[in-house]
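S.K.: Using the numbering used here, the first residue of the sequence shown is number 15, and each one after it goes up by one. A virtual CB, placed ideally from N, CA and C, is assigned to each residue, including glycine. My structure is below; once you've seen it, I'll send some questions.
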Amino acid sequence: MMQGSRYATLDAMRGMAAIAVMVWHTPGGSDLVPGGFLAVDLFFAMSGFVIAMSYGERLAAGLPAATFMKLRIARLWPMLFLGAVPTVLVGGWAGSLILVPDPDARSLFPLTPVYWSLLFEMIAYVVFACGLYRLSTRTLVLMCGTCGIMLAALVLGKGPPFHEFGAFWFALPHGLARLAFPFVLGMLAYRHLAGANAVRKETALAWLVPTGAVAAMCMVPTKDDIAALAFVLLAVPAALLFALRFEVPQVRIADRLSDLSYPLYCIHVTGLLVLDAAGVPASLSWALLIVLALYLDKIWDRPVRNWLRDVLTRRVRSRQPA
15 MMQGSRYATL
25 DAMRGMAAIA
35 VMVWHTPGGS
45 DLVPGGFLAV
55 DLFFAMSGFV
65 IAMSYGERLA
75 AGLPAATFMK
85 LRIARLWPML
95 FLGAVPTVLV
105 GGWAGSLILV
115 PDPDARSLFP
125 LTPVYWSLLF
135 EMIAYVVFAC
145 GLYRLSTRTL
155 VLMCGTCGIM
165 LAALVLGKGP
175 PFHEFGAFWF
185 ALPHGLARLA
195 FPFVLGMLAY
205 RHLAGANAVR
215 KETALAWLVP
225 TGAVAAMCMV
235 PTKDDIAALA
245 FVLLAVPAAL
255 LFALRFEVPQ
265 VRIADRLSDL
275 SYPLYCIHVT
285 GLLVLDAAGV
295 PASLSWALLI
305 VLALYLDKIW
315 DRPVRNWLRD
325 VLTRRVRSRQ
335 PA
């Protein structure tokens with residue numbers, strides 16, 4: 015049995031989900047992982063859990079909302095900036111460097127399409143800091159249920175396909191519902207499981223959780239919106255529940271999967287285009303991008319975000335009375 019603030023199975027699932035997104039964006043990759051786009055919904059749920067765990071009590075204890083937002087920007091900006099630089103150099107939308115969507119395009123971020131989810135993460139952070147963390151568990155349950163119903167209504171209505179929810183200007187309301195349900199679900203998971211100091215069991219069988227989540231994605235056809243909805247409403251809560259109850263014993267592997275997840279998410283679209291143009295086979299491209307993501311985590315993402323965090327911390331301390 016074990017307890018603590020690190021969740022190895024959750025870390026492993028984050029990395030495997032990022033790899034699934036990369037495969038889905040590869041030419042022909044949607045045949046291998048048809049529902050790879052659903053990794054975003056897992057990310058939103060995991061984000062809700064992590065933010066509630068890391069900042070809910072700190073905000074309640076007096077951490078300024080502005081400081082919270084600065085810390086989250088420091089966490090996201092180094093890699094999203096680096097991932098956007100190549101697209102800007104070839105004439106792409108410069109606003110992607112600071113997560114501002116392109117007002118003249120059909121999609122929010124034409125050359126960095128996955129950035130829409132990072133923008134929605136920032137929206138979730140703003141709402142969280144403005145008072146979402148203060149809501150009672152009962153209110154969050156009602157909100158989660160309502161958002162689930164709204165998401166189902168949008169899927170069943172005559173609208174865009176599920177995999178476009180949030181990524182295009184015409185699908186912004188759909189994206190907000192797609193964000194809200196899993197994010198609030200993650201908050202509830204923290205309150206009911208981690209918040210109650212639930213005991214976790216270490217077992218090699220815990221690897222079935224992230225692999226099972228990815229396998230479920232593989233069974234969701236890209237254009238089957240009903241199956242996608244079922245994954246979000248059923249598989250995402252189940253994966254989160256089991257990931258928080260059972261821990262993989264190979265913590266170092268889980269850590270490396272977690273380390274590569276965000277850099278890989280930010281660079282893989284551009285990286286795949288460059289490698290495909292160079293004639294590199296898909297499987298080799300995946301391996302190269304995973305190695306590059308781990309390298310960037312070490313030499314760029316981690317050092318820069320730590321530096322930004324330290325700068326913000328010094329500023330906060332300097333404003334406090336002696």
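(1) Give the DSSP-derived three-state secondary structure of Lys215 in the structure shown.
(2) Could you tell me which residues DSSP pairs with Phe260 in its beta bridges?
(3) So, Val213 versus Ala257, is the Cβ gap smaller than 8 Å?
(4) Just reading off the alpha helix (DSSP H) that Val283 is part of, what are its end residues?
(5) Does the contact criterion of 3 or more C-beta pairs under 8 Å hold for the region 284-300 versus the region 30-43?
(6) Give the secondary structure of Ser150 by DSSP, where H, G and I count as helix, E and B as strand, and everything else as coil.
(7) What is the rounded straight-line gap between the Cα of Arg328 and the Cα of Val318?
(8) Report the residue from Leu94, His282, Val141, Pro251 whose alpha carbon sits nearest the alpha carbon of Ala227.
(9) Identify, in the order they occur along the chain, each residue of the same chain with its Cβ nearer than 7 Å to the Cβ of Ala220, setting aside the five sequence neighbours on each side.
(10) Answer with buried or exposed for Val140, where buried requires no fewer than 16 other C-beta atoms within 10 angstroms of its C-beta.
(11) Rounding to the nearest angstrom, what Cα-Cα distance links Lys312 and Ala166 in this structure?
(12) Nearest-angstrom Cα distance between Val114 and Phe95?
(13) By alpha-carbon positions, which one of Ala307, Leu322, Thr284 ends up nearest to Arg124?
(14) Let's see if you can read the secondary structure: which residues bound the alpha helix (DSSP H) around His39?
(15) Can the beta-carbon of Ala59 be found closer than 8 Å to that of Gly180?
(16) For Phe82, which three-state DSSP category applies?
(17) Between His188, Leu154, Gly106, Arg120, which lies nearest to Phe134 when the distance is taken from Cα to Cα?
(18) Label Asp273 either buried or exposed according to how many other C-beta atoms from any shown protein chain fall within 10 Å of its C-beta, with 16 as the threshold for buried.
(19) To the nearest angstrom, how far is the alpha carbon of Cys280 from that of Thr101?
(20) Quick one: using the 10 Å Cβ neighbour count with 16 as the cut-off for buried, is Val99 buried or exposed?
(21) Which residues bound the alpha helix (DSSP H) around Pro187?
(22) Nearest-angstrom Cα distance between Leu310 and Ala296?
(23) Could you tell me whether any Cβ in chain D is nearer than 8 Å to the Cβ of Ala143?
(24) Ends of the alpha helix (DSSP H) at Arg72?
M.R.: From the atom records:
(1) Here the question's residue 215 lines up with position 201 in the sequence shown. In this structure, Lys215 counts as strand in the three-state DSSP scheme.
(2) Position 246 of the sequence shown holds residue 260. DSSP, once it has assigned bridges, lists Lys215 as partnering Phe260.
(3) Residue mapping note: residue 213 aligns to position 199 of the sequence shown, counting from 1. Residue mapping note: residue 257 aligns to position 243 of the sequence shown, counting from 1. Contact: no.
(4) Counting from one through the sequence shown, the residue named residue 283 turns up at place 269. Note, Val283: alpha helix (DSSP H), 265-291.
(5) yes
(6) Position 136 of the sequence shown, counting from 1, holds the residue named residue 150. Reduced to three states, the DSSP call for Ser150 is coil.
(7) Mapped onto the sequence shown, residue 328 falls at position 314. Mapped onto the sequence shown, residue 318 falls at position 304. Cα to Cα, Arg328 sits roughly 15 Å from Val318.
(8) If you number the sequence shown from 1, residue 227 lands on position 213. Of Leu94, His282, Val141, Pro251, the residue nearest in Cα terms is Pro251.
(9) What you label residue 220 is simply residue 206 of the sequence shown in a count that begins at 1. The answer, listed in chain order, is Thr23, Phe260, Glu261, Val262.
(10) Here residue 140 corresponds to residue number 126 of the sequence shown, with the count starting at 1. Its Cβ having fewer than 16 others within 10 Å, Val140 is exposed.
(11) Residue mapping note: residue 312 aligns to position 298 of the sequence shown, counting from 1. Residue mapping note: residue 166 aligns to position 152 of the sequence shown, counting from 1. The straight-line gap from Cα to Cα measures roughly 41 Å.
(12) Here residue 114 refers to the residue found at position 100 of the sequence shown. Here residue 95 refers to the residue found at position 81 of the sequence shown. Roughly 11 Å separates the two Cα atoms.
(13) For the purposes of this step, residue 124 is identified with residue 110 of the sequence shown, where counting begins at 1. Correcting the residue type first, residue 124 is Pro in the shown sequence and not Arg. Ranking the options by Cα distance to Pro124, first place goes to Thr284.
(14) By 1-based counting over the sequence shown, the position of residue 39 is 25. From DSSP, the alpha helix (DSSP H) with His39 extends over 22-39.
(15) Taking the first residue of the sequence shown as 1, we reach residue 59 at position 45. Taking the first residue of the sequence shown as 1, we reach residue 180 at position 166. It is not a contact, given that the beta carbons lie outside the stated cut-off.
(16) Numbered from its first residue, the sequence shown carries residue 82 at position 68. Phe82: helix per DSSP, three-state reduction.
(17) If you number the sequence shown from 1, residue 134 lands on position 120. Of His188, Leu154, Gly106, Arg120, the residue nearest in Cα terms is His188.
(18) Position 259 of the sequence shown holds residue 273. With 16 or more other Cβ atoms within 10 Å, it is buried.
(19) Counting from 1 along the sequence shown, the entry for residue 280 is found at position 266. Counting from 1 along the sequence shown, the entry for residue 101 is found at position 87. One C-alpha to the other measures close to 12 Å.
(20) As a position in the sequence shown, residue 99 is number 85, starting the count at 1. Exposed, since its Cβ has fewer than 16 Cβ neighbours within 10 Å.
(21) Against the sequence shown, residue 187 aligns to sequence position 173. It spans 186-203 - the alpha helix (DSSP H) in which Pro187 sits, taken as one unbroken run.
(22) For the purposes of this step, residue 310 is identified with residue 296 of the sequence shown, where counting begins at 1. For the purposes of this step, residue 296 is identified with residue 282 of the sequence shown, where counting begins at 1. Cα-Cα distance, rounded: 21 Å.
(23) Checking the listed chains, one finds no chain D in this structure; it contains a single protein chain.
(24) For this step, residue 72 is matched to residue 58 along the sequence shown. Element bounds for Arg72: 53-74.
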